[in-house]
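Trainee: Just so it is clear: in the sequence shown, position 79 is 67 by this note's numbering, and no numbers are missing. Here's a structure for you.
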Amino acid sequence: MSESHKNPEKGAALSVTRNMRVLEIIALFPQAADIMQEYGLHCFSCHMGGVETLEEGCKVHDMEDEMVDELLDDINTAIAEAPEREWTLTVTPAAAVGIRSIASAEGRERHMLHVAVDEHGGFCLEFIEKADAFDKTFFCSDHPDVQVCASPLALQRVGGGTIDMRDGRFKLDLPDEKSCCGKGECGCS
-11 MSESHKNPEK GAALSVTRNM RVLEIIALFP QAADIMQEYG LHCFSCHMGG
39 VETLEEGCKV HDMEDEMVDE LLDDINTAIA EAPEREWTLT VTPAAAVGIR
89 SIASAEGRER HMLHVAVDEH GGFCLEFIEK ADAFDKTFFC SDHPDVQVCA
139 SPLALQRVGG GTIDMRDGRF KLDLPDEKSC CGKGECGCS
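What follows is the structure, given as structure tokens:
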């Protein structure tokens, strides 16, 4: 397993667990939907997918523990084989100024901006007081007091991206996908 798929602090592999919500899994690893479908699960399109865990969804469908273990193994194998992303986020000076301005307006000057992936695969930005133990923290060298953090799982989706502020809005620009054909056949340009 490559380093980009490991927890940077402990070297442990990133993985989906039984107690993760179904839509959280799909948001972080869209390829998991196809694997779940192969096992007869359609939880990702079910209204309960946002609240039930993978294990709960499997149990509702009378899946034995051994089959749940196989499903988890298949999903985690797909994650390990996914194209690598850098475990970095670049914060532009414009974004740092925007973050500082919003934090000040909300009375959160000592907070950091947390980048998260929501259950629909969208990216959320929220202020938090302190990063979690395994979160990676980033800043703009022009404004080192403005910090942004993201979990290793979120970085699996947004790693290598740039947070910028354009037209009064935050933008998350992701690097080009390495799996692109470069010929326009896959929809690239």
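The C-beta atom is built at its ideal place from N, Cα and C for all residues, glycine as well. Computed from a predicted model, the values in this text were never measured in an experiment.
What separation, rounded to the nearest whole angstrom, lies between the Cα atoms of Gly86 and Met153?
Mentor: 7 Å
Trainee: Mark Ala84 as exposed unless 16 or more other C-beta atoms lie within 10 angstroms of its C-beta, in which case mark it buried.
Mentor: Around the beta carbon of Ala84, a 10 Å sphere encloses 16 or more other beta carbons of the protein chains shown; the residue is thus reported as buried.
Trainee: Taking the alpha helix (DSSP H) that Pro132 belongs to, which residues open and close that run?
Mentor: Counting along the chain, no alpha helix (DSSP H) covers Pro132; the unbroken beta strand (DSSP E) around it starts and ends at 131 to 138.
Trainee: Taking 8 Å as the threshold (C-beta atoms), are Arg96 and Leu16 in contact?
Mentor: no
Trainee: Are Ile116 and His131 closer than 8 Å when you measure CB to CB?
Mentor: no
Trainee: Helix, strand or coil, according to DSSP, for Glu40 in the structure here?
Mentor: coil
Trainee: Restricting to runs no shorter than 3 residues, where is the beta strand (DSSP E) found entirely within the stretch 90 to 118?
Mentor: 100 to 105, 111 to 116
Trainee: Cα separation between Leu160 and Phe111?
Mentor: Taking the straight line from one Cα to the other gives about 8 Å.
Trainee: Taking DSSP as the reference, what is the three-state secondary structure of Asp152?
Mentor: strand
Trainee: Excluding sequence positions up to five away, which residues of its chain have a Cβ less than 7 Å from the Cβ of Asp120?
Mentor: Within the same chain, Asp120 has close Cβ partners Ser139.
Trainee: May I ask you to list the residues that DSSP assigns as paired with Phe127?
Mentor: According to DSSP, which records beta bridges pairwise, Phe127 is partnered with Gln135.
Trainee: Who does Asp161 pair with in a DSSP beta bridge?
Mentor: Beta-bridge pairing links Asp161 to Thr150.
Trainee: Going along the chain, which residues of its own chain have a beta-carbon closer than 7 Å to the beta-carbon of Phe158, five neighbours each way excluded?
Mentor: Ala83, Gly86, Leu113, Ile151
Trainee: DSSP on Thr78, reduced to helix/strand/coil?
Mentor: strand
Trainee: If you reduce the DSSP assignment to three classes, tell me which class Arg145 lands in.
Mentor: helix
Trainee: With Thr65 as the anchor, note down where its alpha helix (DSSP H) starts and where it stops.
Mentor: 53 to 69
Trainee: Does the beta-carbon of His102 have 16 or more other beta-carbons within 10 angstroms, so that it is buried, or is it exposed?
Mentor: buried
Trainee: Find out if the Cβ-Cβ distance for the pair Ile67, Ser3 is shorter than 8 Å.
Mentor: In contact: Ile67 and Ser3 (Cβ atoms closer than 8 Å).
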